[in-house]
Structure formats: C-alpha cells, structure tokens
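Enquirer: After the structure tokens below, expect a handful of questions from me.
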Amino acid sequence: MQEGQAGKCETPEDPTDLLPVSLECGQVRIFDRRVLCSVRGSVDRRPFVLFYVRGTVSWIPTRALVDTGATGDSYASRTVAESWGAQMQKAKTRVDNAQGSTMGPAKEAVVLVRLGALETPLRVLVVEELAEELIVGMEFWHRHSECINLTKQCVQMRGGERIPCFTNTNKDRTFIHCAQEVVIPAFTERAVSVLLPQSGPSSARKPSSWRVRNSSRVPLKIGAGQKLASIRWERPDVIERETLEAIAEIPLNHVESASVRKEFLAVVQKHWRVFRAEAGRARSVQHVIRTEDGASFPAAKLRRRSESERVAEETMVKALLKKGILEPCSGPYASANVLVRKPTGAWRLTTDFRNLNAVTVKDKYPIPLVQECLDWAGRFSLFSTLDLTDGFFQVPLHPESRDLTAMITPLGLFRYCVIAQGMSNSPATFQRLMNTVLGDLRWKNSLIYIDDLIVGTKSKEEHLEILDQVLQRFEEEGLTFSLPKCSFLARSIEFLGHEVEGGKIRPKRRNVEAIRAWEVPANPSEVQRFLGVVGWFRAFVPGFEKIAAPLREALAGLAMSAKKSSRRQAVQCVDWSSRFGKAQREAFERLKTALCDPSVVLYQPIPGAAWVLDTDASTLGVGAALYQRLESSFHPVSFLSRALTPAEKNYPITELECLAVVWAVRKCRHYLYGESICIRSDHEPLKWLLNLKEPRGRLARWALALSDYNFVLEYIKGPSNKVPDALSRQPLPAHEPLQSYDERMASIVTSVANSSEKARELPSKEELKAAYAEDEQIAKEIANLNSQRPEYSEPEYFCDEDGILWAHTKPLRRVVPDALVSRVLGYYHSTSASGHMGVAKTIGRVASGLWWWPGWTADVREFLQSCRFCARRKGSRQQQVPIGRRRPTRRFELVAADLLTISPKTARGFDKVLVVADLFSRFTVAVPVADETARSVADGLLSAWVAPFGPPEALLSDNGPAFRSELLARISQLLGIGKVFTLAHNPKANGVVERYNRTLCGLLAGAMADHDADVGWDVFLPLAVHAYNASRHASLGGLSPYEVMFGRPANDFSQAIVPEEQAPEQEFVAFADQLRGRIKMMHALALAASDRSHAKNFARSAASVSRTSARQLVKVGDAVMLWRGLGTLKGRKLEAPWVGPYELLALEGSRATIRSSSEEFFVHVDRIKRVDTSVELSSDFDADSARRSSVLTEISSLQKRRERDGQVEFLVAWYGAKRADWTWELAEDLPETLVREFEDSFASKGDVLRTRSGRAFR
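Below is the structure:
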C-alpha cells in the first residue's frame, strides 16, 4: 500500500442514483437529488494506476476495470451483481486475490454487457466482497478487441471503434455502497454498514460502520448495494509535484545571492505541505459558540432573489459544500445569506449572524494594536509575509455549536463546519490559535495580526532559520498558506494598509491612488467616508485637523457622529450646496495633496536616540508632536491631537497647557517611560505647575503623574511650534478619560465641596471685582455711585465694603457681570449638585443664591435651551385624560412610596431606589436598596422616613409584592399607618412619585454627565434629592418642599459669601413659637397654592385634551419620534427616552399607525411627536418592545382565547378601533389582572369579558 494516498469524495457527474442521506464519518462528501451532505471517515489507499472503461450491465451504468494481468476471468462484487438482478449459481472454480489467499466461496452468473456499440453476454465470477464493480479479464479483451493502447488510453475494438479509458488519478472516482438493507426514519441518524474501496482490484471489501442521517421528511429505505457516495482518489505524489512546481516559480529576482536563493528553496520545499492548494484544518482547537443562558434568536426567512442571484447563491453553496465548509442540517436556527457585489462584478456570499451575535457570550481575547505592530515591523530590514488560505475556514467548529450557524438557502438548510466571517468571536479564536502556534517566536522575529503573518529579521541567515521554525509549527498544526499571496526575503512590504521599509512607514500606494482619484463629495455621507479614510493616515499629515476643519464644519449639526454602540442614521441634507463651498473644496484638495506627497513618512523609534515632545493647547483642543533627535535632524514618530471636553473648555490657559503635556506624555508612555525627554512648549506651564506650593485636585494628580518621567523643560517661541499649534486648533474629537476611578471620585467630592475647578464654582469676590473692571456698563454704574451727585438708576445699586455691587431688589442681590453669567448659570444648572433642573427651578435657585443681572430670567431660558444634555434627555408628551387624584391638606397625611430600578448596578451592589414623598409638602427622600424584597423595603421605609419624621397617617403605593407583603402589613398595623393601593396598571394614581422618579433620573443622569461611568449613581443620589427639595415649586406657591416641611429655606452652597445679618439672641420658647407660626403660615400658603394649582392643572389638563381632540399635533405622513416608555424598561431609566424617527401612516382616535424601514406597528398617539423630515426612517424598530412598553395603549376588552404553537393568545379589542383592527396578542404581553379575570369568568360567562370600567390600560 502506498503511503499517503487517500480517498476524497467529489460531486458525481450523474447524481440521480444517490440517496438523500448525510454520512457522519469521514472526509467524504456526497451529492444527491435533494440534499447535499458531508461525511467524515477514512478509506483505504490505492497502490497503482488502474484503467477503466464505461459501459452498462443489464442496462445499469457501470465502470469496468480493464484487467491486463494473466488471469482471463471476469469478476463482480456480490452486492453489485444483486443490483444487476443476475441469477447466480455455485462456481466450479476457486477465486484467489493478488496476495494468493482465497477470497471465500464464489458464485457465477451471466450478464448482458454493453461497451460502446458492442453488446454481448459475459460470464462473471461473483465473490463476497470486491473493491471494483466489475473486473473484465483478458479472455474478453482477446475475443472482442484488437489492442489496449495504454499510451493513448483507449481500447481498439475489432469493429474499428475506439473506447476511451480513464485512470484512477485525481479526476477518477469510485463509490461507497450500502452493505445491507436498512430503513432510516425521517430526520434521524443511524449507524449503517457500508462497503469501502480497499487497496487493489482483487482485495476484499470489508464493511465499515458509518453514521448516516436521513435529511428528508419521509422514511428512507436503502437497499443492499446502493451507492451512497463517490470517492475521488488523491495521490500525494501528484499534489507534492504540483506544489513543488509552484514553489519553484516563487519570484526571487530581488535576492542577489544564489546561495541564499538555494537555501531558501530548500527550506520552503522541506515544508511543501503548508503551501498545498487545499485549505488545511487546525488540529489543536475547535471553535465553541457560547450563548447566554436561556437565550434564543429568531430564525430568518428565505429571501426571494432574482434568477441571476439565485443561480449565483446556489453555485457558491455547492462550492462550499464540496470544500467541506458547509454540511446539511435540520433544526430551529436559521440565519439569512447576503449577496455582496465585488468590484469585479462577481458575487460574494456572506451570512448575517447579527441575531446570533446578539446572544453570544463575547470573548475579549485581545487583537494586537495596529500601531504597535507597525512599530515592531520598523525594527527590521528583511521581511517575509505569509497569508493563510481562507484563514477562518481552517479552524473547525465544535459539533455542538454547528447548528447555531445554520443558514437558509434555496437548496435547503446548511450549517458551517468551520468558523466563518461575521461571527462575533471568530477573530478572538483565530488570534488565540495563531498566538499559540507561534509561541515564543511571537514579538521576537514573527508577528501575526489575525491571518497576516510577518517574519522580520536583520540578516538573511537569521531570516531563513526563523522562517524554517515558523513553517514547521504551522505544518504541525495542519494549516496552509496561499503561496501567490506570500512574499519572501523582501526589503519593503505592505502590512496593515501601510508600506514598511528601512524603519520608515508610509501609506500604501494603492490607498494613496484611491485617495488621489476620489471625486468631490456630493453629500454628507461621502464627506464622512472621505474623512474616515484619510483619518486612518492622519498621523502622517502635520496639521491634519486644521486642514480638515472646513469639512467638519460642513457636517456640523447633521448628527452624523455616533458612538460604536449605537446605530448611525442616514442623513439627507437639503442645503448641501451652501454647506459645501469653496473652503470645503480647498480643504478636500489639500488633504488629497498632503497624503499623496511621496515625502509623507514617519520614522520608527531608534533605541538610544533622544526624545523630543512638542506640545501646545488652544481653546479648541490640545496637540503634540513626538520626534527623535538624530545629530542635527528630527525624525517625526507620531502626531497627536484631540478636542477638549466641555469641562476642560473652562480651564484657564495655563492649565490647558499643562493638560496638553500630561495628555501627550500619557499617550506616548510606551515610547517615553524610562527615557530622557525634552518637553518643549511656547508656554511655561510645567514650571508653574511644579512650582505650586500646595497643588490641589487635578493639579496635584498631574504633578504626581509627571513625577514618573525623567524630563527637562525647554521654552520655544510660538512661530517655532507650528505643528502642535496646528494640531490643537481643530483636533480630533476624543472620548477617552484621563482619570482613574479613584481620581474621578476625588474630583466629584472636590467639585461638590470646595473644588478648584472654575466651572464648578461660583465667582469669588476677587473674580467679581476683576470682572467689574472689564465690564463697561458695570464700570459706569460704579463710577456713578462714586460721584458727588449720583444719578438715579433702575434698579438702584450700592457697593458694600468689599467692593461688590448689589442691586436694590427684594431681597438684595449681587450684580453679575456679563463675563461670569455662564459660570453662575452653569453652577445652578449643570453641576452634580444641580442636576440639570428645568427653567422654573433653575430661576428659583439663582434667585435663592442672591444673584441678579439685567434680563437674567431670559438668559436662564436661553442657557437651558442650549444645554445639549437637556435637549437629548427631556421632551414633552401630550395628555389625553384629565388628571384627578386625592389631595392631602397637611403634612404627613398621605405619604407615597415607590421602587425605582436604575442600571447599571453600583459598586456597592445597588440597582434599586426606594422613593418616599410627602404628597402635601412634596418633600421627598430616596435611599438605595439592593433588591425588591419586603425586608429591604421595610428597612428603607423605617430608616428613611419613620425614624426621622414618625409614621404617616396613610401610605400610598402600587401593588408590588414588597408593598403587598405580610411584613409591611404588620408594620403598618403596629405603627397605625393606613395602607392605600393604586389600581393595577394605572401609574397615574401615584403620579407625584412617578413624576418624581422621572425627575430623579434626569438629575442623576445630569450629575453623571461629566464623570466616568465607573462612578456609581448612588454617589450622587443625596445631592439629587437635596437639589429637588431645595427648589421652588409653582404648586407650592413658589415655596420649596424644604420650606413647607421645616418652615425655613434650605441652606445654599453659595451662602458663604452673602453678607450676614446679625440676628438678636432669642429664647428657645420664643423661637419655637415663632417657628410654629411660620410653619402654620407656610402651610396655609401651601394649601392655598395647592388648591389653585390643582384647579389650574385640572383646567389645563381638560383644555389640553380638548385641544388635542380638536387639532392633531401630528398628521399623516409626518416623521415622528416614539417615546419608548422608560418606566417599563427595567434598568434603563437613565437613557434617552425618544427613539426613531418613523413614518406616521394613519391616525384613528388615540391609535397611531407608524412604520419603520421594515415594519408597521400602532401605538398610542400620546407617545409620538413630530420631528424634522430631513432624517431617514430608522431601521432600529422593535415591535415587541414597543408593544410591551405601550403603557397608554387602551384595551377595551378581551374577546377570545386560543392556544397556538404552545402559547396562549387573546383576541384584543382596542378602544376606539374597528373590529377589523382587533389583534391576537400573547398572554405574557397583557396585564396579568385582565388575563386572570378573563380566565376566571371563561367557564361561567363565555369567552367575552369586559373590564369593570369598560377599558383597561396596558
């Protein structure tokens, strides 16, 4: 037997005689009339070349072996003879094989043979098992042929006809037969005895047990002798010869030394198996897909395609089946195929794994950083690059994970046997395998980025040694490389989109040519795409952002930038011609010219060379340029820039210059740590920073961070610092934090108490006086006051002994100069302690802080309108039903409680908040709790309310399990607290707390807007609660909840600089009487204001309903946003509440029909609002989510009940909808109370149930 020769199946020319089965046992694939399948198993090997002719036996197509040996008999296998229907009888002769041993009892039969035009009877000896279907001996050929021409591979018959012969080379096939009859049920796998070819024409065929799967819908009967698969013989000698011939053609003209070329070819020829044309298979790993517990994803439907697309898809699927990449399957999973046009016009087949990826547990194995790989490559001067053949397809999938990868096609359902492009964890698994194979060679003289392998050395001798080791390791793993895509012993290579040569890096020429040919953008998307391409090479262009500034300005306001985790929306711009003008065209051409300049190059770091870091800062961003000094020249290594965050824009210029240095040093730490650095700047920020006697806050952190580096400072004049200056003028937007968790926590505490950050402080006396001197109007007023005869002004002013200007209002208030207005408004609106409150509350807080300037209330409104966070977070919703609820008349008469879920869970384990509010004073407390158990709620209620204020008269809550618990009922009974519950699915009954929950989420989100996400929201919770209680409420007559509760205003953080009035000493009794009187008076004022507010709100609510009914706020055809009902989405209350846009198709009463780009659905009209029609429809539409969150959609009744696919559904009659618009809904999506009442009354009252009130809110 010849070593290394193996059988491999191929598609038969005539597959109609094969069966619809899948064999699970080997490296064999079959094709049949209905199903393409794959098999795994081993077959025997063939020792020599055999010659065959095609013919028929008993009109059945048969392949006959031409036996040129001494024997004259003809032979056939018993199973094949039975399939011919031959009549067999005991033979008189003994049959021996080539080794001289008896092959067992034989029989003989006479069959009708047809070869070409010859048709004649043939006597055959039938043996139990035989490798061939029919062996025709020399007796037959002497009688009917003139000669057998093995050179021309034909048989010359006596009538002059030539019958062609074929051999068992790579294009020849033999067959696998079923050994005995078997019946396999539908979609079932069975072990079946099959007959495999053996080593020679006279050797026995021994049965082998293989796994066979019936992929059809009916039971399958397989008869003895029927063909199951065809096998193509692979001859390693042929494969080796073809591979070695390809290796000999490797271009080595660039290698001057003949001895090096000879040694190189010897190394590559030694490992010829890694360069064979066929893709290999990894031996040490199988990719496993792990999904979230209990997770599932919807199966895709078969998409209808054009005839050309269908043919292309079927052709590509068959090719993948033939390669063993796909195999047939059955199961509940199915992903859709996507056909993508290649630049050549051909199709590429991809599979849409988005649904599978959504439930896959992510593998965070790291992929190498591109810049780090390029830095590594710059160390060497001689390279070889190797590209794996169909890289991902060389890693097998674990059998238990294959069903998850099923894809639906016109030919049926197939699953991947290997990992495929588009699976979320494919790069991680592949990178892990590559790193394992390279082992200790990685990062020394070899590196791989996904499937791009590079070998780098400084000498040819070392290179051949490393290349030998690398090829040896990949050969042992069973992987192969695509020889045409490999390059060897090169001085210059293309790697990760760049050209690397002699320690220099430049953009790849092909990419540069594509940029050179780029036409002028015709819309915003093309500009964004252009900036994305050239931005990849931005490090090569000094002043890149300054050049690109006009292009970014053209995109301003189009909402085209989005984080990775969100889906970008296509944008249509109607005024593009006015946005993209002369400045933009010039910027476009300048960027193309700069990148196409052949001198564009960055140098790789040279060990031991001196480092120079130039930095600069502007009001827009920070920039830096990193060089290495070599004799009298500077080699650029990297150019950096980024934009300032909103908080950083308030830094003084000196601190901005410090920020530029600290940020640049941190970004270049991998270059600079442990090295001597010369830091150059046109400012002297570090000298100022290092000379501070007691640095605080971030200045102290910066000084500490720089203490790890060995640097000297050098001052350079502004004109000499051109590159960093340009980079800082219009930098790249950045979202990277500069502080750790501990640093963020310190900054939060500092910002609330006594922060050094100017944007988080109110102006000091010194700052006020300095700003007065620069404010022309205030300077005139102060000069008027200091004159001998001051003129009258409105309002009147006076200066105190500290030089602060006060206005004669009630009460007295300090005058704010124009330069400090934004500081004051930012403090009372945008800080952690203020929480982005609305207009009225912000006005109240500014007034309580005793600040004033002309037109200050209008400035507050304008400031809030320009607040980007508020615009994203807040939005109005229209009301349909007038509000009415129980109104308390004194403190502690009625206290409401509710549980609020906020994600993510904090470091201390909290993701819930217990909110308790006094409904008379609106005074609210909120405490974090770890869960919703009755014990946690009871502990929170006792510690947060009962302990400091005593038990209330009544407690209002929803029907949650904790509030309905026996524990809370007993506590309420012991403390004399009356329990009041809201109606099911009616959150409006507890509207004060529900509205407070929304406000609290806004306050917390606003407080966290400028801080790292690692800082838990529970840190800000006390501040948010205080901000709410200290704010004035219109419903309380302009008083704050704190005033109504305690009889005095809450202390403000800014009262330290308010002039103090010395109050006379009072006796405790007198003070208590006075306080009691003040509380009584405030209660009367609050009660009166509550009555007026309630009447006003009810009238406004009724008028709003009337107006909404009289005129629709939206009309059919509008683009609308959808309120996604955050109150019903667990743990998402800090997210933006509006999603969309969608198209409004119809309005019928309170029901609105909307459409995304792929689906229609209806929601309550209260949940939509009109938006700009220039934005395309969103494809991110979740109908199930919309249905579940539709808290205002009205259910008139449940009409019928049914069970479908194992799930219970109800026919829902929607309020105001016609019968034709009633829908079947899943029971789990409907209110539990309504379903339970329907089930209870079903047996006695029939199958129709109306709610007690005639309708129910879902």
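Numbering (the working numbering), first residue to last: 48 to 1305. Note that the Cβ used here is the ideal one computed from N, Cα and C, for glycine as well. All values reported here derive from a predicted model rather than from experimental measurement.
#1: In whole angstroms, what is the alpha-carbon distance linking F461 and K370?
#2: Are T971 and Y1043 touching if we call contact CB-CB under 9 Å?
#3: Would you list the residues sitting across from V229 in a DSSP beta bridge?
#4: Could you please give the first and the last residue of the uninterrupted beta strand (DSSP E) stretch that includes A1274?
#5: What does the Cβ neighbour count give for V943, buried or exposed, with the cut at 16 atoms within 10 Å?
#6: Quick check on I1018: does DSSP put it in helix, strand or coil?
#7: Quick check: the region 447–466 against the region 530–542, are at least 3 beta-carbon pairs closer than 8 Å?
#8: Check for me: the beta strand (DSSP E) holding K154 runs from which residue to which?
#9: Between A329 and L526, is the Cβ-Cβ spacing less than 9 Å?
#10: Per DSSP, which residues does T338 bridge with? Please list them.
#11: In three-state terms, what does DSSP make of L451?
#12: Taking only three categories from DSSP, how would you classify K952?
#13: Between which two residues does the beta strand (DSSP E) carrying R351 extend?
#14: Nearest CA to the CA of D865: which residue from A817, S353 and P975?
#15: Does the Cβ of I552 lie closer than 8 Å to at least one heavy atom of the ligand GTP?
#16: Could you give the DSSP three-state label for F400: helix, strand or coil?
#17: Quickly, what does DSSP pair L1169 with across the bridge? List them, please.
#18: Looking at L897 and G860, is the spacing between their C-beta atoms short of 9 Å?
#19: Between S240 and S263, how many whole angstroms is the CB-CB distance? I'm expecting something under 8 Å.
#20: Starting from the Cα of V19, find the closest Cα among P413, S1244, V230 and S124 and give me that residue.
#21: Of all the options G327, R308 and Q468, which has the alpha carbon lying nearest to the alpha carbon of V385?
#22: Cβ atoms of L172 and A138: under 9 Å apart, would you say?
#23: Kindly identify the DSSP beta-bridge partner or partners of K812.
#24: Going by CA-CA distance only, name the one from L1083, L518 and M454 that's closest to T432.
#25: Residues in the same chain with beta-carbon distance under 7 Å from E9, minus the five sequence neighbours each way, listed in chain order, please.
#26: Grab me the residues of P168's own chain with a C-beta within less than 8 Å of its C-beta, minus the 5 sequence neighbours each way, in chain order.
#27: Exposed or buried, what is F542 when buried is set at 16 or more other beta-carbons lying within 10 Å of its beta-carbon?
#28: Quick check: the region 879–893 against the region 1074–1083, are there 3 or more CB pairs under 8 Å?
#29: Write down the C-beta distance between I210 and D114 rounded to the nearest angstrom, noting that I regard them as a contact closer than 8 Å.
#30: Taking contact to mean 3 or more Cβ pairs, one atom from each stretch, closer than 8 Å, check whether the region 670–683 and the region 445–456 are in contact.
#31: Taking the straight line between their C-alpha atoms, what separation do you get for L1192 and L1169?
#32: I need the DSSP call for S382, collapsed to helix, strand or coil.
#33: What does Y463 pair with, by DSSP beta-bridge criteria?
#34: Let's test the definition: count the other Cβ atoms within 10 Å of the Cβ of S877 and tell me whether it reaches 16, buried, or not, exposed.
#35: Between the Cα of I594 and those of I562, F635, K629 and P554, spot the shortest distance and give me the residue it belongs to.
#36: Check whether the Cβ atoms of D945 and E1041 lie closer than 9 Å to each other.
Expert: Based on what the coordinates show:
#1: Within the sequence shown, numbered from 1, the residue matching residue 461 stands at position 414. Within the sequence shown, numbered from 1, the residue matching residue 370 stands at position 323. F461 and K370: Cα-Cα distance of roughly 14 Å.
#2: In the sequence shown, residue 971 corresponds to position 924, counting from 1. In the sequence shown, residue 1043 corresponds to position 996, counting from 1. Yes, the Cβ-Cβ distance between T971 and Y1043 is below 9 Å.
#3: Within the sequence shown, numbered from 1, the residue matching residue 229 stands at position 182. Bridge partners of V229: I269.
#4: On the sequence shown, residue 1274 is found 1227 positions in, with the first residue counted as 1. Neither: A1274 is in no beta strand (DSSP E) and is coded neither H nor E.
#5: Here residue 943 refers to the residue found at position 896 of the sequence shown. Correcting the residue type first, residue 943 is Ala in the shown sequence and not Val. Flag for A943 reads buried.
#6: The count along the sequence shown starts at 1 and reaches residue 1018 at position 971. Helix at I1018.
#7: no
#8: Within the sequence shown, residue 154 is the residue found at index 107, counting from 1. K154 to L162 is the span of the beta strand (DSSP E), which, as asked, contains K154.
#9: For this step, residue 329 is matched to residue 282 along the sequence shown. For this step, residue 526 is matched to residue 479 along the sequence shown. It is a contact, given that the beta carbons lie within the stated cut-off.
#10: Stepping through the sequence shown from its first residue, residue 338 is reached at position 291. Paired residues: T407.
#11: For the purposes of this step, residue 451 is identified with residue 404 of the sequence shown, where counting begins at 1. The answer is helix: DSSP assigns L451 an H, G or I state.
#12: By 1-based counting over the sequence shown, the position of residue 952 is 905. In the structure shown, the three-state DSSP call for K952 is coil.
#13: Your numbering for residue 351 matches position 304 in the sequence shown. Counting along the chain, R351 falls outside any beta strand (DSSP E), and DSSP gives it neither H nor E.
#14: Working through the sequence shown from its first residue, we reach residue 865 at position 818. Nearest to D865 by C-alpha distance, out of A817, S353 and P975, is A817.
#15: The model depicted lacks the ligand GTP and carries no ligand whatsoever.
#16: Reading the sequence shown from its first residue, position 353 is the one you call residue 400. Coil.
#17: Working through the sequence shown from its first residue, we reach residue 1169 at position 1122. Secondary-structure assignment with DSSP links L1169 through a beta bridge to V1186 and I1215.
#18: As a first step, residue 860 must be located in the sequence shown, where it is residue number 813. As a first step, residue 897 must be located in the sequence shown, where it is residue number 850. At residue 860 the sequence reads Arg, which differs from the Gly that was named. Cβ distance < 9 Å, so R860 and L897 count as in contact.
#19: Reading the sequence shown from its first residue, position 193 is the one you call residue 240. Reading the sequence shown from its first residue, position 216 is the one you call residue 263. At roughly 21 Å, the Cβ-Cβ gap does not stay under 8 Å, so S240 and S263 are not in contact.
#20: Any answer about residue 19 is impossible in this case: the structure gives the chain only from 48 up to 1305.
#21: Residue numbering aside, residue 385 sits at position 338 when the sequence shown is read from its first letter. It is Q468 whose Cα lies nearest to the Cα of V385.
#22: To locate residue 138, count along the sequence shown from 1; it is residue 91. To locate residue 172, count along the sequence shown from 1; it is residue 125. Their beta carbons are under 9 Å apart, which means A138 touches L172 by this criterion.
#23: Numbered from its first residue, the sequence shown carries residue 812 at position 765. K812 is not bridged to any residue.
#24: In the sequence shown, counting from the first residue as 1, residue 432 sits at position 385. If we check each option's Cα against that of T432, L518 comes out closest.
#25: With the chain covering 48 to 1305 only, the question about residue 9 has no answer from this structure.
#26: As a working note, residue 168 is residue 121 in the sequence shown. The answer, listed in chain order, is V157, V158, L159 and V160.
#27: Within the sequence shown, the letter at position 495 stands for residue 542. Buried is the call here.
#28: When Cβ pairs closer than 8 Å are counted between the two stretches, the region 879–893 is seen to touch the region 1074–1083, the count reaching three or more.
#29: For the purposes of this step, residue 210 is taken as residue 163 along the sequence shown, with counting starting at 1. For the purposes of this step, residue 114 is taken as residue 67 along the sequence shown, with counting starting at 1. Going by Cβ atoms, the distance from I210 to D114 rounds to 15 Å, so no, they are not a contact pair.
#30: no
#31: Numbered from its first residue, the sequence shown carries residue 1192 at position 1145. Numbered from its first residue, the sequence shown carries residue 1169 at position 1122. Near 14 Å, if we compare the C-alpha coordinates of L1169 and L1192.
#32: The residue labelled residue 382 in the question sits at position 335 within the sequence shown. Reduced to three states, the DSSP call for S382 is strand.
#33: Residue mapping note: residue 463 aligns to position 416 of the sequence shown, counting from 1. In DSSP, Y463 forms a bridge with L373.
#34: Working through the sequence shown from its first residue, we reach residue 877 at position 830. Flag for S877 reads buried.
#35: Taking the sequence shown and counting its residues from 1, one reaches residue 594 at position 547. When only C-alpha atoms are compared, the closest one is F635.
#36: Locating residue 945 in the sequence shown gives position 898, where the first residue counts as 1. Locating residue 1041 in the sequence shown gives position 994, where the first residue counts as 1. It is a contact, given that the beta carbons lie within the stated cut-off.
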